[in-house]
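Student:
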Amino acid sequence: MTSDFAGRVPTLWHGQGIARQMTTRLAAGRETLVIVDAALTVPVVAGCSVKTMKVHAASADVSVVRTIAREIVRRPPELIVAVGGGSVLDASKIAALALVPGRVFDYALGHASRSALTLLPDAPPPVDIVAVPTTLGTSSETNSVGILRNECGYRLIVGRSLRPRHALIDPCNLVTLSRETAREGALEAFLRLAGASTSSRRSARSRRDAIALGKALLEAGTRDHGSAAGRLHLARLSAATQRSAALRGPDPYSARHWYVANEVAFVLGIRKMSATAAVIAAVWRRIRSGDTRWGDAASLDDFWARSTAGSTLPLDPPTGVAALIERWGIPCPPAPTAHDIGLIAAATESSWGNRKPMLPGLVADDFGDVLRDSCWSPQPVGDARRPSMIGTKEVN
13 MTSDFAGRVP TLWHGQGIAR QMTTRLAAGR ETLVIVDAAL TVPVVAGCSV
63 KTMKVHAASA DVSVVRTIAR EIVRRPPELI VAVGGGSVLD ASKIAALALV
113 PGRVFDYALG HASRSALTLL PDAPPPVDIV AVPTTLGTSS ETNSVGILRN
163 ECGYRLIVGR SLRPRHALID PCNLVTLSRE TAREGALEAF LRLAGASTSS
213 RRSARSRRDA IALGKALLEA GTRDHGSAAG RLHLARLSAA TQRSAALRGP
263 DPYSARHWYV ANEVAFVLGI RKMSATAAVI AAVWRRIRSG DTRWGDAASL
313 DDFWARSTAG STLPLDPPTG VAALIERWGI PCPPAPTAHD IGLIAAATES
363 SWGNRKPMLP GLVADDFGDV LRDSCWSPQP VGDARRPSMI GTKEVN
């Protein structure tokens, strides 16, 4: 089913037209399943017979993952080509677990229905996955993580078997993104580095890589995020966060703002980066005040000072990140009601906090305080979620 692949990261291909070129080459003579965002119209695989499944990205929940998995089992492919943003790539990676022996797929979905974090049994990827991202910042094309949306929330699934074999970064797939969306992607990658850098238990190499990539992301997001070359540069920097030592360290849960933003996004039905823009400064204020449950102040200060050196951003990290969000035009979400704050706080404690290793020692009252201290716009919250839809068709 798979080629020999013992490396820790996928093979990265990048450049103008690389997606069409490499998918055609990799699919030649192989039974291929293409899983693609239904909103995309650009053909990916040419010159071969493939099965195509179109997925509506906003509706890529557990039911869609099950539908994809059933098709994978019914007609096992030798190659899966996943084309879309992070939600489509994640759904494809998780669905491919249906080919792992030992009912790993059933275990993953069952465990995710009870727990926010699922660690998979160690196993190689069951099938070659070619990940073709059409958004910036998620790094799903290069990591061993999948986010599953079920009735409980956004669930984190982690394991080597989720790793794509190839990642194809093509600026042709990124040029239609708005400037605001491109900057959101740059911010997502930057805060991934910043979150890891709030841990005091980091090697010198990890710190150096995180600072170098953080500085490059800020410069690229500020100066050249509109051109095809600029988009390609941002995408490669985002991928590099997973392919370097920047995120390595003994604390895999150090990006603690992510867990709060995760619950905000689910309860309010908003984009993850919009939720992150709301809570990040409030979380960093707690780190700077000396609350080590959220992170180490000296480590955050060092990362921020060195990655923003030469910029005009404030030196205080919470003030600086708020200024960056405003400067890049990333809107904060509408203010939640007191009831919503209670729901988010309780869900965060239940999923990630208290005695769990992600947010140890933090409880609902702590999360409620963060949410009340977060940045919100005055408009009321609307429900941005759409019903689940999926379609399949044969392409000959």
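Going by this note's numbering, the sequence shown runs without a break in its numbering and finishes at 408.
All C-beta atoms in this analysis are idealised placements derived from N, C-alpha and C, irrespective of residue type, glycine included.
1. Give the single residue among ALA103, ALA201, SER239 and SER212 whose Cα lies nearest to the Cα of ALA428.
2. Pull up the distance between the alpha-carbon of ASP263 and that of GLY149, whole angstroms please.
3. What does a CB cutoff of less than 8 Å around ALA251 pick up in its chain, not counting 5 residues either side in sequence?
4. Distance check for PHE278 and SER400, CA to CA, integer angstroms please.
5. Taking the continuous beta strand (DSSP E) assigned at MET34, which residues delimit it?
6. Starting from the C-beta of VAL187, find all residues in its chain whose C-beta is less than 6 Å away, skip the five residues before and the five after it, and write them out in chain order.
7. Name the two residues that bound the continuous beta strand (DSSP E) containing ILE342.
8. Specify the secondary structure class of ALA317 as computed by DSSP and reduced to three states.
9. Determine the direct distance from the alpha carbon of ALA216 to that of SER311, and round the result to whole angstroms.
10. What does the alpha-carbon distance come out to for the pair GLU83 and ALA143?
11. Classify LEU111: buried if its beta carbon has 16 or more other beta carbons within 10 angstroms, exposed otherwise.
12. Between the C-alpha atoms of ALA222 and ALA208, what's the straight-line distance to the nearest angstrom?
13. When the Cα atoms are used, what is the spatial distance from GLN28 to CYS184?
14. On the DSSP bridge list, what partners appear for LEU225?
15. Can you grab the Cα-Cα spacing for the pair PRO88 / ALA107, in whole Å?
16. Please determine if the stretch 40-56 and the stretch 65-80 are in contact, where contact requires at least 3 C-beta pairs separated by less than 8 Å.
17. Just verifying my parser: in three-state terms, what is the DSSP assignment at TRP25?
18. Is GLY302 closer than 8 Å to ALA293 when the C-beta atoms are compared?
19. For the pair the stretch 161-177 and the stretch 124-140, tell me if three or more CB-CB distances fall below 8 Å.
20. If I measure Cβ to Cβ from HIS26 and keep anything under 7 Å in the same chain, skipping five residues before and after, which residues do I get?
21. Please tell me whether, using a cut-off of 7 Å, the distance from the CB of GLY226 to the nearest non-hydrogen atom of the ligand GTP is below it.
22. Please specify which runs of the beta strand (DSSP E), each continuous and at least 3 residues long, are wholly inside the stretch 113-169, giving them in chain order.
23. First and last residue of the alpha helix (DSSP H) that includes VAL77?
24. Is the distance from the Cβ of TRP364 to the Cβ of TYR271 below 8 Å?
25. With a Cβ-Cβ cutoff of 8 Å, do ALA198 and LEU246 count as a contact?
26. Between which two residues does the beta strand (DSSP E) holding MET65 run?
27. For the alpha helix (DSSP H) containing VAL291, name the first residue and the last one.
28. Hey, could you find the ends of the beta strand (DSSP E) HIS178 is sitting in?
29. With distances taken between CB atoms, is the gap from PRO138 to LEU174 smaller than 8 Å?
30. Note the first and the last residue of the continuous alpha helix (DSSP H) segment covering ALA347.
31. Pick helix, strand or coil for GLY307, following the three-state DSSP scheme.
32. Reducing DSSP to helix, strand and coil, say where PRO372 ends up.
33. Could you compute how far the alpha carbon of GLY238 sits from the alpha carbon of SER190?
Tutor: Here's the rundown:
1. No answer is possible for residue 428: the residues shown for the chain start at 13 and end at 408.
2. 22 Å
3. LEU24, SER151, GLU153, THR154, ALA179 and ILE181
4. Because the pLDDT of SER400 is 35, which lies under 50, any placement of that residue in the model is unreliable, and the question is left without a value.
5. No beta strand (DSSP E) contains MET34, which is instead part of the alpha helix (DSSP H) from 30-39.
6. ALA240
7. No beta strand (DSSP E) contains ILE342, which DSSP labels as neither H nor E.
8. Shown here, ALA317 sits in a helix according to DSSP, grouped into three states.
9. 12 Å
10. Approximately 18 Å between the Cα atoms of the pair.
11. Under the 10 Å beta carbon count, LEU111 is surrounded by 16 or more other beta carbons and is classified as buried.
12. 8 Å
13. 6 Å
14. DSSP, once it has assigned bridges, lists no residue as partnering LEU225.
15. 12 Å
16. yes
17. strand
18. No. Outside cutoff.
19. yes
20. In chain order, ILE181, LEU244 and ARG248 place their CB closer than 7 Å to the CB of HIS26, counting only its own chain and leaving out the 5 sequence neighbours on each side.
21. With respect to small molecules bound, the structure shown includes none, and the ligand GTP cannot be examined in it.
22. 129-131, 140-145 and 157-162
23. 74-86
24. yes
25. yes
26. 62-67
27. 284-300
28. 178-181
29. no
30. No alpha helix (DSSP H) contains ALA347, which DSSP labels as neither H nor E.
31. coil
32. strand
33. 8 Å
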